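Enquirer:
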Amino acid sequence: MKSNQEIIHYLSKIKLAKFTAIYEAGPDGLELPPYKGATFRGSFGHVFREVACTCPHRENGFASKHLEQCAYGYIFETATIDGAEVLVNNESIPRPFLLEPPNDMRTYYAPGERFTLGFTLFGKGIEYLPYFIYVLDAMGLQGFGKGRKHAKLRQIFTVDQHGDWIKSIYQADDRLLRNDFSPLTGEDIFNSKADSTAQTCHIHFISPVRLKYAGEFVSTPEFHMLLRSACRRITALLYFHQDEPKLDFDFNGLFQQAEQEVTCLNANVEWTSWERYSNRQKQRLKMGGIVGNAIYKGDFQPYLPWLKLAEWCNIGKNPVFGLGSVKVIIK
Numbered sequence: 537m538k539s540n541q542e543i544i545h546y547l548s549k550i551k552l553a554k555f556t557a558i559y560e561a562g563p564d565g566l567e568l569p570p571y572k573g574a575t576f577r578g579s580f581g582h583v584f585r586e587v588a589c590t591c592p593h594r595e596n597g598f599a600s601k602h603l604e605q606c607a608y609g610y611i612f613e614t615a616t617i618d619g620a621e622v623l624v625n626n627e628s629i630p631r632p633f634l635l636e637p638p639n640d641m642r643t644y645y646a647p648g649e650r651f652t653l654g655f656t657l658f659g660k661g662i663e664y665l666p667y668f669i670y671v672l673d674a675m676g677l678q679g680f681g682k683g684r685k686h687a688k689l690r691q692i693f694t695v696d697q698h699g700d701w702i703k704s705i706y707q708a709d710d711r712l713l714r715n716d717f718s719p720l721t722g723e724d725i726f727n728s729k730a731d732s733t734a735q736t737c738h739i740h741f742i743s744p745v746r747l748k749y750a751g752e753f754v755s756t757p758e759f760h761m762l763l764r765s766a767c768r769r770i771t772a773l774l775y776f777h778q779d780e781p782k783l784d785f786d787f788n789g790l791f792q793q794a795e796q797e798v799t800c801l802n803a804n805v806e807w808t809s810w811e812r813y814s815n816r817q818k819q820r821l822k823m824g825g826i827v828g829n830a831i832y833k834g835d836f837q838p839y840l841p842w843l844k845l846a847e848w849c850n851i852g853k854n855p856v857f858g859l860g861s862v863k864v865i866i867k
């Protein structure tokens, strides 16, 4: 079984790049739903497929099988690796990106008003940044929300390990990509926050968190359930998008330890429900999850690396829609 230092060394290898795109609402303003993740994810996927998928045998806009070099296929339908040890089906393979829609319930933006759309790329997904910028610009031109009203992509900034906007890599004035930035690593993220021996952990569920445990969606989040989700997602990102080997580690032992030793002092959470329409499945899908916050008590030293990365990788189902965003505070 790996030591805590060996785990930190392994997790330090993760590479990610976080960005904030700034849009300006067009002359007609924008009408958007209270939760905007499906709107932006739907538009993003549609435009990306239009500009980046040239695979043959496409039916109703979807290719039955993507070519190896197809950018859309890699970003949205990541194929399994031959002999993969970690996951068994493509639906469970994490995509190498996630979106972060505006975290408010507003449904109208006035003409000229600005709003942000965050996005994070993982591992080999960072190489596809030019596609993302082109698509983000085209999305605004095609329009968002009710009436497909236009918005202009003004700027894109890199985000550092402290969450600060650091460097403008795209401006509407010249529409050039300034690709001279360095991705973040797990080491950057671990070094940005000092480890703590405190016994209390506050976890804020910023966007709806869709956790499944024992086949059921979770409405009261026990700590070990959050940890399981974080470990699955982070190790899968490393395995599928950075070609890191399967981690030889007793995860079951870690989860059992967390279940026995970490208690929930208070869970101030609620289930928030919303739906999206799936063009692929031709039906409306329920996409609810928990929001709020919870306080846990225990020794968090064995779990700190996973918790810190969970803030950047999200947890639970459907993170590409912006779901599963959490903030972890060790007190």
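For the sequence shown, our numbering gives the first residue as 537, with consecutive numbering after it. Ideal Cβ placement from N, Cα and C applies to all residues, glycine included. Here the structure is a predicted model, which is why all the values come from computation and not from measurement.
1) State yes or no: is the beta carbon of A803 nearer than 8 Å to at least one beta carbon in chain C?
2) From the DSSP output, in three-state form, read off F633 for me.
3) In the DSSP assignment, find the alpha helix (DSSP H) that holds R585 and state where it starts and stops.
4) Which runs of the alpha helix (DSSP H), 4 residues or longer, sit entirely within the region 656-709?
5) Taking the C-alpha atoms as reference points, what is the distance between S718 and W701?
6) By Cβ distance below 8 Å, which residues in the same chain neighbour V671 in space, the five residues on each side in sequence not counted?
7) In terms of residue numbering, what span does the alpha helix (DSSP H) encompassing F612 cover?
8) Between M774 and the rest of its own chain, which residues show a CB-CB distance below 7 Å, the 5 nearest in sequence each way excluded?
9) Note down the Cα distance separating I725 from K554, rounded to an integer number of angstroms.
10) Could you give the residue range of the alpha helix (DSSP H) that holds K844?
11) Using the Cβ count rule (16 or more neighbours within 10 Å means buried), how would you classify P757?
12) Tell me, please, whether the region 782-798 touches the region 856-867 by the rule of three or more beta-carbon pairs shorter than 8 Å.
13) From what residue to what residue does the beta strand (DSSP E) around C737 run?
14) With burial defined as no fewer than 16 other Cβ atoms inside 10 Å of the residue's Cβ, what is the status of A734: buried or exposed?
15) Quick check on the burial criterion: 16 or more other C-beta atoms within 10 angstroms. Buried or exposed for G683?
16) Just the Cα atoms here: how many angstroms apart are L653 and A794?
17) Give the DSSP-derived three-state secondary structure of R650 in the structure shown.
18) Measuring straight from C-alpha to C-alpha, what distance separates N625 and P647?
19) What did DSSP end up calling R769 once you bin it into helix, strand or coil?
20) By a C-beta neighbour count over all protein chains shown, 10 Å radius and 16 as the cutoff for buried, is E806 buried or exposed?
21) Report the residue from R642, H777 and L790 whose alpha carbon sits nearest the alpha carbon of A658.
22) How would you call S539, buried or exposed, if buried means at least 16 neighbouring beta carbons within 10 angstroms?
23) DSSP three-state call for G825: helix, strand or coil?
24) Under 8 Å between the Cβ atoms of W842 and I742?
25) Suppose the cutoff is 8 Å on Cβ atoms and the five residues either side in sequence are ignored; what does the same chain contact list for F612 look like?
26) How should S765 be labelled, buried or exposed, when 16 other C-beta atoms within 10 angstroms of its C-beta is the threshold for buried?
27) Tell me whether F651 counts as near the ligand ZN, meaning its Cβ is closer than 7 Å to at least one heavy atom of that ligand.
28) How would you write the range of the alpha helix (DSSP H) that I544 sits in, first residue to last?
29) Mapping the DSSP letters down to three states, classify E797 as helix, strand or coil.
30) N804 bridges to which residues according to DSSP?
31) Helix, strand or coil for N625? Go by DSSP, reduced to three states.
32) For the beta strand (DSSP E) containing E560, list its first residue and its last residue.
Expert: To lay it out plainly:
1) You won't find chain C in this structure, because it holds only one protein chain.
2) The answer is strand: DSSP assigns F633 an E or B state.
3) Element bounds for R585: G573 to A588.
4) DSSP runs (the alpha helix (DSSP H)) wholly in the region 656-709: 665-678.
5) For S718 and W701, the distance between alpha carbons rounds to 14 Å.
6) If the five residues before and after V671 are omitted, its C-beta is found closer than 8 Å to the C-beta atoms of F580, V583, F584, V587 and A588, all from its own chain and listed in chain order.
7) It spans A607 to F612 - the alpha helix (DSSP H) in which F612 sits, taken as one unbroken run.
8) Per the sequence shown, residue 774 should be read as Leu rather than Met. Counting only Cβ-Cβ distances below 7 Å, and skipping sequence neighbours, we find K549, I550 and E780.
9) Their backbone Cα atoms lie some 12 Å apart in a straight line.
10) K844 -> alpha helix (DSSP H) spans L840 to C849.
11) Classification of P757: buried, given that the 10 Å Cβ count is 16 or more.
12) Pairwise C-beta distances place the region 782-798 out of contact with the region 856-867, as fewer than three of them are shorter than 8 Å.
13) Element bounds for C737: T736 to V745.
14) It is exposed - the Cβ of A734 has fewer than 16 other Cβ atoms within 10 Å.
15) Here G683 is exposed, its C-beta having fewer than 16 other C-beta atoms within 10 Å.
16) About 35 Å.
17) In the structure shown, R650 falls within a strand segment according to DSSP collapsed to helix, strand and coil.
18) For N625, the predicted model reports a pLDDT of 48, less than 50, meaning its position is unreliable; a value from the coordinates is still stated below. Pairing N625 with P647, the inter-Cα distance amounts to about 44 Å.
19) Helix at R769.
20) The residue in question, E806, is exposed, as its Cβ has fewer than 16 Cβ neighbours within 10 Å.
21) With the sequence shown as reference, residue 658 is identified as Phe, and Ala is not the correct amino acid for it. For the residues R642, H777 and L790, the minimum Cα distance to F658 belongs to H777.
22) Exposed is the label assigned to S539, since fewer than 16 other Cβ atoms lie within 10 Å of its Cβ.
23) Three-state DSSP puts G825 in a strand.
24) Against a cut-off of 8 Å, the Cβ pair of I742 and W842 comes out as no contact.
25) Here the set comprises G581, F584, R585 and R631.
26) S765 comes out buried.
27) By its list of ligands, the structure shown contains no ligand whatsoever, and the ligand ZN lies outside what it can speak to.
28) Looking at the DSSP string, the run of the alpha helix (DSSP H) that includes I544 is N540 to L547.
29) DSSP, reduced to helix, strand and coil, places E797 within a helical segment of the structure shown.
30) Answer by DSSP bridge pairing, in chain order: N829.
31) With a pLDDT of only 48 at N625, under the threshold of 50, the placement of this residue in the model should not be trusted; the figure read from the coordinates follows. Residue state, collapsed to three classes: coil.
32) E560: member of the beta strand (DSSP E) spanning K551 to A561, first to last residue.
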